[in-house]
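According to full-length UniProt numbering, the sequence shown is numbered sequentially starting from 1.
All C-beta atoms in this analysis are idealised placements derived from N, C-alpha and C, irrespective of residue type, glycine included.
The model shown is predicted, which means the values in this text are computed figures rather than measured ones.
Only one structure is covered here, and it is reproduced in the block below.
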Amino acid sequence: MSSFHLARHFSSNVADRISMIKIQGKIMGNFIKVFVAGTLLSAAGSLLALEVNQPAPDFTLKSRAGNNLRLDEYKGEVVLLNFWASWCGPCRKEMPYLDDIQQKYSDLGFTVLGVNVDKDSKKADLILKDIPVSFPVLFDPDGKVSEMYDVNAMPITVIIDKDGKIRDIHKGYKAGYEKKYAKQVKALILE
Numbered sequence: 001m002s003s004f005h006l007a008r009h010f011s012s013n014v015a016d017r018i019s020m021i022k023i024q025g026k027i028m029g030n031f032i033k034v035f036v037a038g039t040l041l042s043a044a045g046s047l048l049a050l051e052v053n054q055p056a057p058d059f060t061l062k063s064r065a066g067n068n069l070r071l072d073e074y075k076g077e078v079v080l081l082n083f084w085a086s087w088c089g090p091c092r093k094e095m096p097y098l099d100d101i102q103q104k105y106s107d108l109g110f111t112v113l114g115v116n117v118d119k120d121s122k123k124a125d126l127i128l129k130d131i132p133v134s135f136p137v138l139f140d141p142d143g144k145v146s147e148m149y150d151v152n153a154m155p156i157t158v159i160i161d162k163d164g165k166i167r168d169i170h171k172g173y174k175a176g177y178e179k180k181y182a183k184q185v186k187a188l189i190l191e
């Protein structure tokens, strides 16, 4: 191979290597940016997670009755906010108990707000035909309110005091939880 060809081949390899190094640098730089951004978002999510004694995030959702209901309209009352889905067996099992609590304490400044998270409200309507409830049922089909309340399990029950502060958060449901709810609600009504 002539020196001309060697020089050309060598310079081509050097140029290729330099290009590869630049490309690798960009890839690593982007990877680091994505990694750092993901870490920051995760940390921010942890900071925004719901905690007891912080104000309950306000929202407005359409109710099963067709009107919009806003959480802040219930300030001055104790609210049991229950996130549920039609496909959730424990949610369906819990609903009659929530309705009993609603009927027992509604005249004392208490309400249950059921927040259905199904994308299609017709699924919730089918369940509510079999399990009728006296409390308002709201629809969160796009999941915005569920996201605000960090709903990552079903059901999620958030108990809110008269000042609009979160006093307890229950994830899931097991038989007997309704007794805890009733005890907490009664104590908050008396505050």
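Taking the Cβ atoms as the reference, A153 lies roughly 18 Å from G176, outside the contact range of under 8 Å.
K180 and I101 have their C-alpha atoms roughly 11 Å apart.
Here the C-alpha atom of M148 lies approximately 7 Å from the C-alpha atom of P57.
In this structure, D163 is the residue among V117, D163, Q103 and G143 with its C-alpha nearest to the C-alpha of E73. Just measuring C-alpha positions, the residue of K186, T111, V117 and K122 sitting nearest F83 is V117. Of V79, L113, V78 and L108, the smallest CA-CA separation from M95 is found for L113. Secondary-structure assignment with DSSP links K93 through no beta bridge to anything. For L61, the secondary structure class from DSSP, reduced to helix, strand or coil, is strand.
Rounded to the nearest whole angstrom, the CA to CA distance from K119 to D150 is 17 Å. In terms of CA proximity to S134, F110 leads the group F110, R167 and L50. Between H170 and K144, the alpha-carbon positions lie close to 20 Å from each other.
For L81, the pairing in a beta bridge is given by DSSP as L113 and V158.
Y105 is not a Cβ neighbour of V158, given a cutoff of 7 Å. DSSP places L69 in the uninterrupted beta strand (DSSP E) bounded by N68 to R70.
In the DSSP annotation of this structure, D150 is not part of any alpha helix (DSSP H), being labelled neither H nor E.
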